[in-house]
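Student: Residue numbers (full-length UniProt numbering): 521 to 836.
Built from N, CA and C at the ideal position, the CB exists for glycine as well.
All figures in this text were calculated on a predicted structure; none of them were measured in a lab.
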Ligand code: PEP
Ligand code: MG
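Here it is, written out as structure tokens:
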């Protein structure tokens, strides 16, 4: 029985018609990689680097960051790794950075906005990443909390300058789609990046105007709300115009029904907490793409999240 379970986990998330969805793990430290692979992860679709800063009382040096990124690449042994640049601000505050107080931190200097204001944070991180890339492996860099084209252009030019200084290989550069502005302008943003990864936790918060941490509103903050699904559909359509792939690394990727719906919307990669991987793979192996596309088409025209959830088990 155990051997059978392990075999199931290691199988790809292939639908009955052969369509395959890439399955990544959300993992922050090299020592968590073996468990993620044992659960059936095919790579790391989201490494949240803020944990390097949050777990300690000071800022990690370029060398320390290099060691961690290199350790992740080595632990993955050729499998893909997407490292997200520092996403500080909002719910993730780092006391030792002494950032100014904000009335609305979720609408403030967060993610890419902070990186562009703080070269002392951005540059060591990019240098560490490109140094790690020089040693080989399948590394991509992703930027959080993007809302506009100029942010992407500015961040890419920092990447290119540092890559050239280090004589490092080019690596794919992607952005998080987690603000409605980015989803709505996805067709424009796609021309400037190699891939998108949708952060449904923040996309839900910003689309529905619900603080993701407010326990009174937790039930309403449903990433399967038709509004959020429409933003995801726009993102996929925008990416397709430029032949870019779209992943999802927010919590709904790890929900079996959510994963089925996202696949039907055209998402190519799902990255999740390692323990969610086996159930998602099992769910995807039950369906074919046409069925999931029909399910997604119904979901985006539903009136409420409840109606979307009621589609679960209704023949898909
Ligand atoms: C998200 O917003 O969905 C996401 C994956 O990023 P985080 O949860 O780290 O904000
Ligand atoms: Mg986010």
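Expressed to the nearest angstrom, what Euclidean distance is found between the alpha-carbon atoms of residue 596 and residue 771?
Tutor: Roughly 22 angstroms separates the two Cα atoms.
Student: Quick one: is residue 571 buried, meaning 16 or more other Cβ sit within 10 Å of its Cβ, or exposed?
Tutor: So residue 571 counts as exposed.
Student: Among the residues of its own chain, which have a CB less than 6 angstroms from the CB of residue 825, if the five just before and after it don't count?
Tutor: So the qualifying residues of the chain are 742, 744 and 745.
Student: With DSSP as the reference, label residue 670 as helix, strand or coil.
Tutor: Three-state DSSP puts residue 670 in a helix.
Student: Among 640, 542, 582 and 628, which has the Cα closest to the Cα of residue 602?
Tutor: Residue 602 has its Cα closest to that of 542, out of 640, 542, 582 and 628.
Student: Is residue 698 near ligand 1, going by C-beta to nearest heavy atom under 6 angstroms?
Tutor: At least one heavy atom of ligand 1 is nearer than 6 angstroms to the Cβ of residue 698, so yes.
Student: Taking residue 627 as the reference, give the member of 605, 819 and 666 with the closest Cα.
Tutor: Here the closest residue by C-alpha is 666.
Student: Of the choices 540, 537, 783 and 563, whose alpha-carbon is the least far from that of residue 547?
Tutor: Measuring from the Cα of residue 547, the nearest candidate turns out to be 563.
Student: Cutting at 7 angstroms between CB atoms, please list the residues of its own chain near residue 653, excluding the five before and the five after it.
Tutor: Taken in chain order, the residues that qualify are 659, 688, 689 and 691.
Student: Check each candidate in 719, 657, 676 and 540 and name the one with the smallest Cα separation from residue 812.
Tutor: Measuring from the Cα of residue 812, the nearest candidate turns out to be 540.
Student: What's the C-alpha gap between residue 802 and residue 782?
Tutor: Straight-line Cα distance between these residues: approximately 15 angstroms.
Student: I'd like to check one pair, residue 631 with residue 607: are the Cβ atoms closer than 7 angstroms?
Tutor: Yes, Cβ-Cβ distance for residue 607 and residue 631 is below 7 angstroms.
Student: Under the criterion of a Cβ to heavy atom distance below 6 angstroms, does residue 833 qualify as lining ligand 2?
Tutor: Checking every heavy atom of ligand 2 against the Cβ of residue 833, none is found closer than 6 angstroms.
Student: For residue 792, tell me which candidate among 669, 775, 807 and 681 has the shortest Cα-Cα distance.
Tutor: Of the listed residues, the one whose Cα sits closest to residue 792 is 775.
Student: Can you list, in chain order, the residues of its chain whose CB lies under 8 angstroms from that of residue 834, leaving out five sequence neighbours each side?
Tutor: If we look at residue 834 and ignore the five residues flanking it on each side, it has no Cβ neighbours.
Student: Using 8 angstroms for Cβ pairs, my map puts residue 657 next to residue 598. What's the rounded Cβ distance?
Tutor: Residue 657 to residue 598, Cβ: 7 angstroms. Contact.
Student: Here's the rule: buried if 16 or more other CB atoms are within 10 angstroms of the residue's CB, otherwise exposed. What is residue 675?
Tutor: Looking at its Cβ environment, which holds 16 or more other Cβ atoms inside 10 Å, residue 675 is buried.
Student: Can you give me the start and stop residues for the beta strand (DSSP E) that residue 789 sits inside?
Tutor: Residue 789 -> beta strand (DSSP E) spans 789-792.
Student: At a cut-off of 6 angstroms, would you count residue 568 as near ligand 1, judging by its Cβ distance to the nearest heavy atom?
Tutor: Checking every heavy atom of ligand 1 against the Cβ of residue 568, one is found closer than 6 angstroms.
Student: What's the gap between the Cα of residue 545 and the Cα of residue 716?
Tutor: Cα to Cα, residue 545 sits roughly 16 angstroms from residue 716.
Student: According to DSSP, is residue 767 part of a helix, a strand, or is it coil?
Tutor: Residue 767: strand per DSSP, three-state reduction.
Student: Kindly examine ligand 2 and report whether one of its heavy atoms sits closer than 6 angstroms to the Cβ of residue 485.
Tutor: The structure shown has nothing for residue 485, since the chain only spans 521 to 836.
Student: How would you write the range of the beta strand (DSSP E) that residue 661 sits in, first residue to last?
Tutor: That run of the beta strand (DSSP E) goes 658-663.
Student: In the DSSP assignment, what residue or residues form a beta bridge with residue 612?
Tutor: Note: residue 612 sits in a beta bridge opposite 609.
Student: Given a cut-off of 7 angstroms on the beta-carbon distance, is the pair residue 808 and residue 537 in contact?
Tutor: In this structure, residue 537 lies closer than 7 angstroms to residue 808 by Cβ.
Student: DSSP state of residue 547, grouped into three classes?
Tutor: Note: residue 547 maps to coil in three-state DSSP.
Student: Between the Cα of residue 708 and those of 734, 672 and 531, spot the shortest distance and give me the residue it belongs to.
Tutor: Of the candidates 734, 672 and 531, the one whose C-alpha sits nearest the C-alpha of residue 708 is 672.
Student: Whose C-alpha, out of 739, 757, 726 and 604, is nearest the C-alpha of residue 710?
Tutor: The candidate whose alpha carbon is nearest that of residue 710 is 757.
Student: Who are residue 600's beta bridge partners in DSSP?
Tutor: Paired residue(s): 658.
Student: Can you list, in chain order, the residues of its chain with a C-beta nearer than 6 angstroms to that of residue 786? Leave out the 5 residues immediately preceding and following it.
Tutor: Result list for residue 786: 756, in chain order.
Student: Mapping the DSSP letters down to three states, classify residue 772 as helix, strand or coil.
Tutor: Helix.
Student: Measure the Cβ-Cβ separation of residue 561 and residue 797 and say whether it is below 7 angstroms.
Tutor: Against a cut-off of 7 angstroms, the Cβ pair of residue 797 and residue 561 comes out as a contact.
Student: Does the Cβ of residue 525 have 16 or more other Cβ atoms within 10 Å, making it buried, or fewer, making it exposed?
Tutor: Residue 525 comes out exposed.
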